[in-house]
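> Before I ask anything, here is the structure I am working with.
Residue numbers (my numbering): 6 to 393.
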């Protein structure tokens, strides 16, 4: 990293070899490292502006999206951008004849460590909190939320200790020695810290994928979530490789490892944005925006309302015939009235048609019903002959 040093300065971007020329005499590996930092810096700057504009515009962004793209996520982008910018300035000053103080390395390590932890907070804690809301307020959900908070908080404490150790080691680095006990201790602690960081990412990814798959989430959201943790696990593994190389006394980071790590980190940030902007969060007003329609009726009130409507329709249809059957029962009263004129005509057949027409009851009733009875049919019905 610095002239006359056998130790690297490369946590976020590698250290440089010697050479005190007056011109910018970058070696081939150093040129590749600086180019990697510059491209990553340009990406982070553009990405940060995009996130800020999307968040401030408020168009088509749900509350869940604003939560995932909140201050911790923006803070991670800003801290990593500052760290990368300082690395670029340090390399240019160092290789272009300037005087680059080794104490400059305190700032990039500090901002890089903060960026790592803030990204972990977003991915492992905030994202899982959004997904765990689908489990309700039961004991399992509360326990898992508490476990995520404890895990991220523990890594946060270790991050704070790691920043102190590494900053103190570089600030008090003695140029007269090729090795420093403080720096060795800081490298060892960082290797342990990034290993625990890796375990936390694995646990958070397993919990997130388990939660989202058990809730029948939309396929696109599951894919984005899987890719997010895939790229994050990849760059954390590469960070472990870098930490191990520092313990072995490597001066420069491997260029291929550095490029792969930066690409994986960039894709991690991109997929966090993709998850936050996924249409599943705005398709439902329920707490669970991931659930597909028709797969979980408990989260869709309209489906629950449709079931009782059909059940109530069955007794209503059955009650209509009961009321209709009561109408002909009441219509049976005029049938008893038919017998009254028939008995009169039988008791006094001498009146014949004249008697029936005078009473008028059967004729009026049947005319009202639309079926009038001829006058000659009544005596024949009772079996009494009609006299001339």
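Virtual Cβ for every residue (Gly too), placed ideally from N, Cα, C.
Kindly give me the distance between the Cβ atoms of residue 118 and residue 167, rounded to whole angstroms, as I take these residues to be in contact under 8 Å.
Here residue 118 corresponds to residue number 113 of the chain shown, with the count starting at 1. Here residue 167 corresponds to residue number 162 of the chain shown, with the count starting at 1. Sure, about 6 Å apart at Cβ, within 8 Å.
> Considering only residues of the region 126-201, which uninterrupted alpha helix (DSSP H) runs meet the minimum length of 4 residues and lie entirely inside it, listed in chain order?
Segments of the alpha helix (DSSP H) lying fully in the region 126-201: 132-137 and 144-176.
> Could you work out which residue in 265, 35 and 123 is closest to residue 101 when comparing CA atoms only?
One-based indexing of the chain shown puts residue 101 at position 96. Residue 35 is the option with its Cα nearest to residue 101.
> Just to confirm the assignment, what range does the alpha helix (DSSP H) spanning residue 80 have?
As a working mapping, residue 80 is identified with position 75 in the chain shown. Segment 76-100, the alpha helix (DSSP H) holding residue 80.
> Under 8 Å, do residue 274 and residue 135 count as touching if we go by C-beta distance?
The residue labelled residue 274 in the question sits at position 269 within the chain shown. The residue labelled residue 135 in the question sits at position 130 within the chain shown. No, these two residues do not count as a Cβ contact at 8 Å.
> Within 10 angstroms of the Cβ of residue 218, are there 16 or more other Cβ atoms? Answer buried if so, exposed if not.
Residue mapping note: residue 218 aligns to position 213 of the chain shown, counting from 1. Classification of residue 218: exposed, given that the 10 Å Cβ count is below 16.
> Using a 10 Å radius around the Cβ and a threshold of 16 neighbouring Cβ atoms, would you call residue 61 buried or exposed?
As a working note, residue 61 is residue 56 in the chain shown. Answer is exposed; the Cβ neighbour count stays below 16.
> Any contact of the region 39-58 with the region 77-93, i.e. 3+ C-beta pairs under 8 Å?
Contact between the region 39-58 and the region 77-93 is present, because at least three Cβ pairs lie under 8 Å.
> Determine whether the beta carbon atoms of residue 74 and residue 56 lie at a separation below 8 Å.
Taking the first residue of the chain shown as position 1, residue 74 is located at position 69. Taking the first residue of the chain shown as position 1, residue 56 is located at position 51. It is a contact, given that the beta carbons lie within the stated cut-off.
> Quick one, are the C-beta atoms of residue 108 and residue 175 less than 8 Å apart?
Mapped onto the chain shown, residue 108 falls at position 103. Mapped onto the chain shown, residue 175 falls at position 170. Yes, they are a contact pair.
> Count the other CB atoms, across all protein chains shown, that sit within 10 Å of the CB of residue 330; report buried if there are 16 or more and exposed otherwise.
As a first step, residue 330 must be located in the chain shown, where it is residue number 325. With a pLDDT of 46 at residue 330, under the threshold of 50, the modelled position of that residue is not reliable, and the figure given next carries that caveat. By the 10 Å Cβ count, residue 330 comes out exposed.
> Tell me the residue span of the alpha helix (DSSP H) that contains residue 272.
Locating residue 272 in the chain shown gives position 267, counting from the first residue. Looking at the DSSP string, the run of the alpha helix (DSSP H) that includes residue 272 is 260-281.
> Does the contact criterion of 3 or more C-beta pairs under 8 Å hold for the region 200-214 versus the region 229-238?
Judged by Cβ distances under 8 Å, the region 200-214 makes contact with the region 229-238, as three or more pairs qualify.
> Does residue 254 come out as helix, strand or coil in the three-state DSSP assignment?
Translated into the one-based positions of the chain shown, residue 254 becomes position 249. Looking at residue 254 - three-state DSSP - the assignment turns out to be coil, as it is neither helix nor strand.
> On the three-state DSSP scale, how would you describe residue 35?
Locating residue 35 in the chain shown gives position 30, counting from the first residue. The answer is helix: DSSP assigns residue 35 an H, G or I state.
> For residue 112, which residues from the same chain have a beta carbon less than 6 Å from its beta carbon, with the 5 sequence-adjacent residues on both sides left out?
Here residue 112 refers to the residue found at position 107 of the chain shown. The answer, listed in chain order, is 91.
> With a threshold of 7 Å on Cβ separation, who are the neighbours of residue 122 within its own chain once the five nearest residues in sequence on each side are excluded?
Residue 122 sits at position 117 when you count from the first residue of the chain shown. Result list for residue 122: 160, 161 and 164, in chain order.
> With a threshold of 7 Å on Cβ separation, who are the neighbours of residue 279 within its own chain once the five nearest residues in sequence on each side are excluded?
The residue given as residue 279 occupies position 274 in the chain shown. So the list reads 229, once near-sequence residues are dropped.
> In its own chain, which residues sit with a C-beta less than 6 Å from the C-beta of residue 248, not counting the 5 before and 5 after it?
Against the chain shown, residue 248 aligns to sequence position 243. Same-chain partners within the cutoff: 195, 196 and 199.
> Does the Cβ of residue 70 have 16 or more other Cβ atoms within 10 Å, making it buried, or fewer, making it exposed?
The count along the chain shown starts at 1 and reaches residue 70 at position 65. Classification of residue 70: buried, given that the 10 Å Cβ count is 16 or more.
> With 16 as the cutoff for other CB atoms within 10 Å, does residue 38 come out buried or exposed?
Taking the first residue of the chain shown as 1, we reach residue 38 at position 33. Answer is buried; the Cβ neighbour count reaches 16.
> If contacts are defined as beta-carbon pairs under 8 Å, then residue 191 and residue 214 qualify, I think. What distance do you get, rounded to the angstrom?
On the chain shown, position 186 is the one that residue 191 refers to. On the chain shown, position 209 is the one that residue 214 refers to. Not quite, the Cβ-Cβ distance comes to about 34 Å (not below 8 Å), so this is no contact.
> Just how far apart, CA to CA, sit residue 243 and residue 266?
Here residue 243 refers to the residue found at position 238 of the chain shown. Here residue 266 refers to the residue found at position 261 of the chain shown. Each residue's Cα considered, the two are about 6 Å apart.
> Does the beta-carbon distance from residue 240 to residue 281 come in below 8 Å?
Taking the first residue of the chain shown as position 1, residue 240 is located at position 235. Taking the first residue of the chain shown as position 1, residue 281 is located at position 276. Contact: no.
> From residue 178 to residue 169, what does the alpha carbon distance come to, in whole angstroms?
Indexing the chain shown from 1 puts residue 178 at position 173. Indexing the chain shown from 1 puts residue 169 at position 164. Roughly 14 Å separates the two Cα atoms.
> When you compare only the Cα positions, how much space is there between residue 259 and residue 147?
Counting from 1 along the chain shown, the entry for residue 259 is found at position 254. Counting from 1 along the chain shown, the entry for residue 147 is found at position 142. So the two alpha carbons sit approximately 44 Å from each other.
> Straight-line CA distance for residue 157 to residue 277?
Residue numbering aside, residue 157 sits at position 152 when the chain shown is read from its first letter. Residue numbering aside, residue 277 sits at position 272 when the chain shown is read from its first letter. If you take the alpha carbons of residue 157 and residue 277, they lie about 18 Å apart.
> Excluding sequence positions up to five away, which residues of its chain have a Cβ less than 6 Å from the Cβ of residue 171?
Numbered from 1 along the chain shown, position 166 holds the residue referred to as residue 171. If we look at residue 171 and ignore the five residues flanking it on each side, its Cβ neighbours are 114 and 191.
> Looking at residue 127: is its Cβ nearer than 8 Å to the Cβ of residue 205?
Taking the chain shown and counting its residues from 1, one reaches residue 127 at position 122. Taking the chain shown and counting its residues from 1, one reaches residue 205 at position 200. Their beta carbons are not under 8 Å apart, which means residue 127 does not touch residue 205 by this criterion.
> Please go through the same chain and pick out, in chain order, the residues whose beta-carbon is closer than 6 Å to the beta-carbon of residue 116, but skip the five residues on each side of it.
Stepping through the chain shown from its first residue, residue 116 is reached at position 111. Answer for residue 116: 84, 87 and 88, listed in chain order.
> Measuring straight from C-alpha to C-alpha, what distance separates residue 94 and residue 131?
Start at 1 with the first residue of the chain shown, and residue 94 comes out as number 89. Start at 1 with the first residue of the chain shown, and residue 131 comes out as number 126. Computed Cα separation, rounded: 34 Å.
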